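Just remember that the working numbering sits 24 ahead of the position in the sequence shown, which is counted from 1.
A virtual CB, placed ideally from N, CA and C, is assigned to each residue, including glycine.
A quick note: this is a predicted structure, and the numbers were derived from the prediction, not measured.
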Amino acid sequence: MTEQERRRTVLDSLIDRSCRCINLLIALALAVMVLMVFGNVVLRYAFNSGIAISEEVSRWLFVWITFLGAIVAVRERGHLGTDFLLARLPPMGQRICLAISYGLMLWCTWLLLSGALEQTRINMDVTAPVTGASTAIFYASGVVFAVGAGLLLALDALRIVTGRMPDSELVRISESEELAAVATSLPHGDARPRA
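Structure below.
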């Protein structure tokens, strides 16, 4: 194993551990949301009382779950995409198209980072009506996503540009579960229409 491959393996394991920690945070936030909302409903109907911060905290946790989950989706390459053009190109064309698309994704991530950072700064002194916490917490989720996704996208873009991404990884669109089920039920095993 070369030094470069060893560093890549160490970096991959670090990123994978980080994604597992993010998944744990998502599960914890989801559990808190469920407990707060369910507890609020039970208290309202059974005791004519409630948890005042339930709605506000649940809304914030939902936003954080969404953005944290998006970081993991970027790592797992679970975002939406089509391969109708990319699959028909030679490997060099695929590499060029992928480099352009990663450049566009990095640009969009930069726009999100700058906007979320500005909103976080603007709302630093604004307090939420019920909890009294800074509403910057809400907008900081966009900053966390943009930094995490930006790093992951930049690492992949670097692999594409330097040629360290093998040709087998250039087209990474996976079929949907429904299409896979249809493919197994057809006599020839191919659910794709022929031109």
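Proximity to Asn147 across Phe162, Thr133 and Thr155 peaks at Phe162, based on C-alpha coordinates. In terms of CA proximity to Val154, Gly74 leads the group Gly74, Thr106 and Ile95. Taken atom to atom, the span from the alpha-carbon of Met129 to that of Val98 is near 11 Å. Distance between Trp134 and Gly174, taken at the CA atoms: about 8 Å. For the pair Arg183 and Tyr126, the Cα-to-Cα distance works out to about 11 Å. Going by DSSP, Gly172 is part of the alpha helix (DSSP H) stretching over Ala160 to Val185. By DSSP's assignment, Thr151 forms a beta bridge with Ser158. Using a Cβ-Cβ distance cut-off of 8 Å, the region 33 to 53 and the region 82 to 92 are in contact, since at least three pairs of beta carbons, one from each stretch, lie closer than that value. Sequence-distant partners of Ser158 (beyond 5 residues in either direction) whose C-beta falls short of 8 Å from its own C-beta, in its chain, are Asn147, Met148, Asp149, Val150, Thr151 and Ala152. Rounded to the nearest angstrom, the gap between the Cα atoms of Met57 and Val168 is 20 Å. In this structure, the alpha-carbon of Ala164 lies about 9 Å from that of Trp88. Across the set Leu54, Ala53, Ala55 and Glu79, the C-alpha of Glu79 shows the shortest separation from the C-alpha of Val65. Residues of the same chain with their beta carbon placed closer than 8 Å to that of Leu59 are lacking, with the five preceding and five following residues left out of the count.
Gly156 sits away from Ala140, with the two beta carbons spaced by 7 Å or more.
The continuous alpha helix (DSSP H) containing Phe91 extends over residues Ser78 to Arg99. Rounded to the nearest angstrom, the Cβ distance from Leu136 to Ala170 is 5 Å, consistent with a contact under 8 Å.
Boundaries of the alpha helix (DSSP H) harbouring Ser138: Pro115 to Ile146, taken from the DSSP string.
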